[in-house]
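Visitor: This is the structure I want to talk about, given as structure tokens.
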Amino acid sequence: MNAFTPDVTFDLAEAPLRELNAALHAATGDSNARRWRVLNPNGRHALAAGVDAPLTIEVEGHVGYYCAGMNQHAHIIVHGNAGVGVAENMMSGFVHVRGDASQAAGATAHGGLLLIDGNASARCGISMKGVDIIVKGSVGHMSAFMGQAGSLIVFGEAGEALGDSLYEAKLFVRGAVKSLGADCVEKEMRDAHKALIAEKLAAAGISGVDIGDFKRYGSARRLYNFHIDNVDAY
Amino acid sequence: MTAHSNVPRTLPRFSATFDPHTLSEIRRAAATGIYDIRGGGTKRKLPHFDDLLFLGASVSRYPLEGYREKCGTDVVLGTRYAKKPIHLKTPVTIAGMSFGALSAPAKEALGRGASAMGTSTTTGDGGMTPEERGHSSLLVYQYLPSRYGMNPDDLRKADAIEIVIGQGAKPGGGGMLLGQKISDRVAAMRTLPKGIDQRSACRHPDWTGPDDLEIKIEELREITDWQKPIYVKVGASRPYYDISLAVKSGADVVVLDGMQGGTAATQDVFIEHVGIPILSAIRPAVKALQDLGLHRKVQLVVSGGIRNGADVAKALALGADAVAIGTAALVALGDNDPQYEADYAALGSTAGAYDDWHEGRDPAGITTQDPDLWSRLDPVKAGRRLANYLGVLTLEAQTIARACGKSHLHNLEPEDLVALTVEAAAMAGVPLAGTDWIPGRTGGY
Chain X
16 MNAFTPDVTF DLAEAPLREL NAALHAATGD SNARRWRVLN PNGRHALAAG VDAPLTIEVE
76 GHVGYYCAGM NQHAHIIVHG NAGVGVAENM MSGFVHVRGD ASQAAGATAH GGLLLIDGNA
136 SARCGISMKG VDIIVKGSVG HMSAFMGQAG SLIVFGEAGE ALGDSLYEAK LFVRGAVKSL
196 GADCVEKEMR DAHKALIAEK LAAAGISGVD IGDFKRYGSA RRLYNFHIDN VDAY
Chain Y
131 MTAHSNVPRT LPRFSATFDP HTLSEIRRAA ATGIYDIRGG GTKRKLPHFD DLLFLGASVS
191 RYPLEGYREK CGTDVVLGTR YAKKPIHLKT PVTIAGMSFG ALSAPAKEAL GRGASAMGTS
251 TTTGDGGMTP EERGHSSLLV YQYLPSRYGM NPDDLRKADA IEIVIGQGAK PGGGGMLLGQ
311 KISDRVAAMR TLPKGIDQRS ACRHPDWTGP DDLEIKIEEL REITDWQKPI YVKVGASRPY
371 YDISLAVKSG ADVVVLDGMQ GGTAATQDVF IEHVGIPILS AIRPAVKALQ DLGLHRKVQL
431 VVSGGIRNGA DVAKALALGA DAVAIGTAAL VALGDNDPQY EADYAALGST AGAYDDWHEG
491 RDPAGITTQD PDLWSRLDPV KAGRRLANYL GVLTLEAQTI ARACGKSHLH NLEPEDLVAL
551 TVEAAAMAGV PLAGTDWIPG RTGGY
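Chains X and Y, in that order, give the protein sequences.
Everything in the first sequence is counted per this note's numbering, starting at 16 for the first residue and increasing by one.
Everything in the second sequence is counted per this note's numbering, starting at 131 for the first residue and increasing by one.
In structure tokens:
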């Protein structure tokens, strides 16, 4: 267990998840109940979903689907692996998965920062709408599918069809990309993009990374308006 | 003059298969190389509620006095799990339609009309606008695959949440809003560049199948502290199984949309050839609820081609708890009004047939994002028209229910109905009129 000193410790072996989430929703961050530790998550779904306050929540173990879903303002650390849709539709705040994340990590998220120390599975950042996602490992197939805004920074490799049907999300991958999806192309890495990566890594507390190793991918914008000549791309 | 001039000739005859509309579509396709896109629901003739009749009371049953004896119309939705079910004064709700597909005045008018009659309206793809929240006393917030504008603050402001799996006009298809309608405001709400063709995903991004849906519903309940009713909306295609799985996944309310239900825009071939009529979908859906022991406990809302109080009464008699209207509500606001005939003609259409809603040039100011066209729709007057229309639907349904001896619309039952055609009898599971024959079933009166 880490050295974090909580104001409140909630043991899910002793009380139901509904009680935990209700307590987190009632917390405003203005009282002395700002730092929470959650014990025995044991893969529970929707853990710390819908938090809307500047709390720090440390989860000591693995979580199921939709942990930190729709997070607003909270700083949520998972000391384990996360199931499907961690930080889905996050609006703001910071979610840190110490282990691996399953499919659809950060799906449709509008804001905030999602940091995954391990790998993320398929569809990482699907339909992302402004979130920043940093994956220290690799991401699976169809990552950033229909990504609209925000940035996905991958230290490892990307699976098939990266950025398929991409809108304006910015993708940066350091390792190999198995294939690019429809309308996703490699683009020139300019100083502004390197600065963007540096800014996002600094926000995540990451230093010592050679930014020059990343390649940039984005939308060719050929499919923004349907044209019959592009029908083979679909 | 030739010898042939006196020979009688048959009139030119169009093919029933290659009729003039079909020929025109072949020519259009040949000229453009792309499928036809339009708004609305199916336009073909289908087995529908018109193929059913009520058996008014007589010797074997007695009626209620039309103007004196009470016939209740209210319905409570979301009684299964939600802490705060919603109570509607009439079982006629307004179906999901987006700001983007519709103008802001149209959304406001829908809210005004529905609120005046004590019923709910529903958001659509693109999120919730302050106007519709402000003017809707009961607002259902749709949770769609695109998650455009999806916001937990709005989720908490909603009175109910509707997870959209599909819609009757295009079960299996995603949303579509073409670039002409992606104004600055619509683009900002959807986090998209202005002027692009917005093609929404057809599947949700973070769950697949009923086992995942159950977990998704749990998440939405946790986020909203189990307060809000959660609906699941499906397009009618395999209603018995889809409703069974939606209920198994934990829905409070299931919404079943037949192929007559409208859409803002999709391919004509999709609208006309995918999905099934609402008449054929209600009984399998009710059977699913009955088999699970949850009929009336999980409420069923049906939509797709509801036009009058008879349709409302027939849907309820077949087992629905409420209905939703979309196209009819737009017509009540002023859609396809003959007063704009010259404008419709200029667009190559005619009042009553105009369906190029995706182009954003609606003369009635309803399916457009053009501020000049918006100004044609007065949301107060249009809301009043909708309220009037909702009132008529309710009165008409009550009239029929009283004639069948029912003190509440929900007391209507399949035994009050007969069918005019063999097809309708089989689909609705009621006898062919004048017989005790229900095709595919045994038994009698």
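Every residue, glycine too, gets a C-beta built ideally from N, C-alpha and C.
Quick check: the stretch 369-382 of chain Y against the stretch 420-440 of chain Y, are at least 3 beta-carbon pairs closer than 8 Å?
Guide: Yes, the stretch 420-440 of chain Y touches the stretch 369-382 of chain Y.
Visitor: Kindly provide the ranges of any beta strand (DSSP E) runs that are 3 or more residues long and lie completely inside the stretch 246-304 of chain Y, ordered along the chain.
Guide: With a minimum length of 3 residues, the continuous beta strand (DSSP E) runs that stay inside the stretch 246-304 of chain Y are 269-273 and 290-294.
Visitor: Just to make sure I have the definition right: I need the residues of chain Y whose C-beta is within less than 9 Å of the C-beta of A176 of chain X. Which are they?
Guide: Residues of chain Y passing the Cβ test: none, with the nearest at roughly 14 Å.
Visitor: Under 7 Å Cβ-Cβ, which residues of chain Y neighbour A122 of chain X?
Guide: Simply P335 and D336.
Visitor: Just list the residues that DSSP pairs T393 of chain Y with in beta bridges.
Guide: DSSP, once it has assigned bridges, lists Y:G170 as partnering T393 of chain Y.
Visitor: Alpha carbon to alpha carbon, what distance is there between G174 of chain X and H90 of chain X?
Guide: Their Cα atoms are separated by approximately 29 Å.
Visitor: Which residue or residues does DSSP assign as beta-bridge partners of Y182 of chain X?
Guide: Y182 of chain X pairs with nothing; no bridge assigned.
Visitor: Any idea which residues DSSP pairs E195 of chain Y with across the strands?
Guide: In DSSP, E195 of chain Y forms no bridge with anything.
Visitor: Out of curiosity, what's the CA-to-CA distance linking F179 of chain Y and G108 of chain X?
Guide: So the two alpha carbons sit approximately 52 Å from each other.
Visitor: So for R144 of chain X, helix, strand or coil by DSSP?
Guide: At residue 144 of chain X the sequence reads Lys, which differs from the Arg that was named. Here K144 of chain X sits in strand by DSSP.
Visitor: Do the CB positions of I353 of chain Y and G84 of chain X come within less than 8 Å of each other?
Guide: Yes, Cβ-Cβ distance for I353 of chain Y and G84 of chain X is below 8 Å.
Visitor: Which first and last residues belong to the beta strand (DSSP E) in which E73 of chain X is found?
Guide: Run containing E73 of chain X: T71 to E75, per the beta strand (DSSP E) assignment.
Visitor: Report yes or no: do the stretch 206-219 of chain Y and the stretch 180-190 of chain Y share at least 3 C-beta pairs separated by less than 8 Å?
Guide: These segments do not touch.
Visitor: Does I148 of chain X get closer than 8 Å to chain Y when you measure Cβ to Cβ?
Guide: Taking Cβ atoms only, chain Y never reaches closer than 8 Å to I148 of chain X, which makes this a no.
Visitor: Does any residue of chain X bring its CB to less than 8 Å from the CB of A331 of chain Y?
Guide: Chain X contact via Cβ: present.
Visitor: Can a CB atom of chain X be found closer than 8 Å to the CB of G574 of chain Y?
Guide: At G574 of chain Y the pLDDT is 46, less than 50, meaning the model places this residue with poor confidence; the figure from the coordinates comes in the next sentence. Not one chain X Cβ lies under 8 Å of G574 of chain Y.
Visitor: Under a CB-based cut-off of 8 Å, is F144 of chain Y close to chain X?
Guide: So, not an interface residue.
Visitor: So, with DSSP's three-state summary, where would you put V154 of chain X?
Guide: Strand.
Visitor: DSSP three-state label for D508 of chain Y, please.
Guide: Reduced to three states, the DSSP call for D508 of chain Y is coil.
Visitor: To test your reading of the DSSP string, which unbroken alpha helix (DSSP H) runs of 4 or more residues are found completely within the stretch 341-379 of chain Y?
Guide: Fully enclosed alpha helix (DSSP H) runs of 4 or longer: 369-378.
Visitor: Between T71 of chain X and R49 of chain X, what straight-line distance do the alpha-carbon atoms span, to the nearest angstrom?
Guide: Between T71 of chain X and R49 of chain X, the C-alpha separation is close to 6 Å.
Visitor: Quick check: the stretch 365-372 of chain Y against the stretch 399-406 of chain Y, are there 3 or more CB pairs under 8 Å?
Guide: Yes, the stretch 365-372 of chain Y touches the stretch 399-406 of chain Y.
Visitor: Can you tell which of X:L39, X:A61 and X:V53 has the C-alpha that lies nearest to the C-alpha of R351 of chain Y?
Guide: The candidate whose alpha carbon is nearest that of R351 of chain Y is X:A61.
Visitor: In terms of residue numbering, what span does the beta strand (DSSP E) encompassing I408 of chain Y cover?
Guide: Not the beta strand (DSSP E): I408 of chain Y falls in the alpha helix (DSSP H), residues I408 to D421.
Visitor: Leaving out the 5 sequence neighbours to the left and right, which residues in its chain are closer than 7 Å to D465 of chain Y when beta-carbon positions are compared?
Guide: Excluding sequence neighbours, D465 of chain Y sits near A494 and I496.
Visitor: Output the boundary residues of the beta strand (DSSP E) element that contains S234 of chain X.
Guide: Segment K230 to S234, the beta strand (DSSP E) holding S234 of chain X.
Visitor: Determine the chain Y residues that contact E241 of chain X at a beta-carbon separation under 7 Å, and present them in chain order.
Guide: Looking at the sequence shown, residue 241 of chain X is not Glu but Phe. By Cβ distance, chain Y contributes D327.
Visitor: Could you tell me which chain X residues have their CB closer than 7 Å to the CB of R277 of chain Y, listed as they occur along the chain?
Guide: Near R277 of chain Y (Cβ distances below 7 Å), the residues of chain X are N104, T123 and S142.
Visitor: With a cut-off of 8 Å, does the C-beta of G163 of chain Y fall near any C-beta of chain X?
Guide: Yes, G163 of chain Y lies at the interface with chain X (some Cβ there is under 8 Å from its Cβ).
Visitor: In chain order, what residues of the same chain lie with their CB nearer than 6 Å to the CB of V53 of chain X, ignoring the 5 residues before and after it?
Guide: Cβ within range, chain order: F25 and V74.
Visitor: Cα-Cα, which of Y:D566, Y:T220, Y:S330 and Y:V399 is closest to G162 of chain X?
Guide: Nearest of Y:D566, Y:T220, Y:S330 and Y:V399 to G162 of chain X, Cα basis: Y:S330.
Visitor: On the CB-based measure, 16 or more other CB atoms within 10 Å of its CB, does Y575 of chain Y come out buried or exposed?
Guide: Here Y575 of chain Y scores only 46 on pLDDT, less than 50, and its place in the model is too uncertain to base an answer on.
Visitor: Quick check on A318 of chain Y: does DSSP put it in helix, strand or coil?
Guide: DSSP places A318 of chain Y in helix when its eight states are reduced to three.
Visitor: Nearest by alpha-carbon distance to T172 of chain Y: which of Y:E199, Y:Q297, Y:L562 and Y:L448 is it?
Guide: The option with the nearest alpha carbon to T172 of chain Y is Y:Q297.
Visitor: Interface residues of chain Y around H60 of chain X at Cβ under 8 Å?
Guide: What H60 of chain X touches in chain Y: I345, E348 and E349.
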